[in-house]
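Numbers 984 to 1211, taken from this note's numbering, label the letters of the sequence shown in order. Ideal placement from N, C-alpha and C gives every residue a C-beta, glycine not left out.
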Amino acid sequence: MALYAIGDLHLSLSCDKSMEVFGPAWENYTARIEEALGILTEEDTLVLAGDTSWGMTLEEAEADFKFLDRFPGRKLLVKGNHDYWWCTAAKFTRFCEEKGLRTLELLHNNCAFYGDYAVCGTRGWFWEEDKKAHNVKVLNREVMRLETSLQAAGEKPILCFLHYPPVYQGYECPEILATLKKYRVEHCCYGHLHGAVIRRRFEGKRDETDFSLISGDYLGFIPKKICE
Ligand SMILES: [Fe+2]
Ligand SMILES: [Fe+2]
């Protein structure tokens, strides 16, 4: 029994957006994910930290969801900036019921429990977003979502999964970092960084929180074991 996590699978089984064009790190990545997920058992939980499917709609993402659902164990999906299929939890649950998908859940404005841990998560905030209009409003909404998720943890120790890195060489998001600190998050995993920018990741401790990058290409598409 283990909790695993990985971000940025960027699956594209029903649309033509394979990431293989991005070089050797992405070579044959769907087959490599398939092999790596073979370790999962019914008791395991896998957190997918955003950018899971290139599908623009639930229907377009269905093949990717089916691919993930074939593996045993619970899958918790966090929103990434490329998850255009994202919808409300109610709509997602209904879609899964209709399509016979049994293992997928959204981690959004809520938290899940794994052993003694609370598993929290949301998309987060990154400097790329600063360039967009209404950024203060959107940042505040993201911080509120994170806070709602962290509050749901109650007294349990917290593992938090964000899509965007809250800290990175040359950048930090003080509002997100302060929220992680306030709730004494033990471990914060994030994705989104690919290719050359991976070298600017922040790994290790800051205040009471350990940070880890878990993007698929960084992990060689092998999910990181977070705890047993
Ligand atoms: Fe990504
Ligand atoms: Fe991303």
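Local conformation of residue i per DSSP, three classes
| i | result |
| --- | --- |
| residue 1200 | coil |
| residue 1166 | coil |
| residue 1082 | helix |
| residue 1179 | helix |
| residue 1159 | helix |
| residue 1192 | strand |
| residue 1150 | strand |
| residue 1120 | helix |
Environment of residue i [buried if 16+ CB atoms lie within 10 Å]
| i | result |
| --- | --- |
| residue 1119 | exposed |
| residue 1018 | exposed |
| residue 1074 | exposed |
| residue 1168 | buried |
| residue 1030 | buried |
| residue 1024 | exposed |
| residue 1174 | buried |
| residue 1209 | buried |
| residue 1045 | buried |
| residue 1067 | exposed |
| residue 1206 | buried |
Proximity of residue i and residue j at Cβ, strictly below 8 Å
| i | j | result |
| --- | --- | --- |
| residue 1190 | residue 1164 | yes |
| residue 1171 | residue 1136 | no |
| residue 1060 | residue 1089 | yes |
| residue 1034 | residue 993 | yes |
| residue 1047 | residue 1177 | no |
| residue 1149 | residue 1141 | no |
| residue 1054 | residue 1087 | no |
Whose CB is closer than 5 Å to a heavy atom of ligand 2? List the residues in chain order.
Counting only beta-carbon distances shorter than 5 Å to the non-hydrogen atoms of ligand 2, the qualifying residues in chain order are 1034, 1063, 1064 and 1175.
What are the uninterrupted segments assigned as alpha helix (DSSP H) that are 4 or more residues long and contained completely in the segment 986-1036, given in chain order?
You should have 1012-1019.
What are the start and end residues of each continuous alpha helix (DSSP H) run of 4 or more residues lying completely inside the segment 1045-1118, in chain order?
With a minimum length of 4 residues, the continuous alpha helix (DSSP H) runs that stay inside the segment 1045-1118 are 1072-1082 and 1110-1113.
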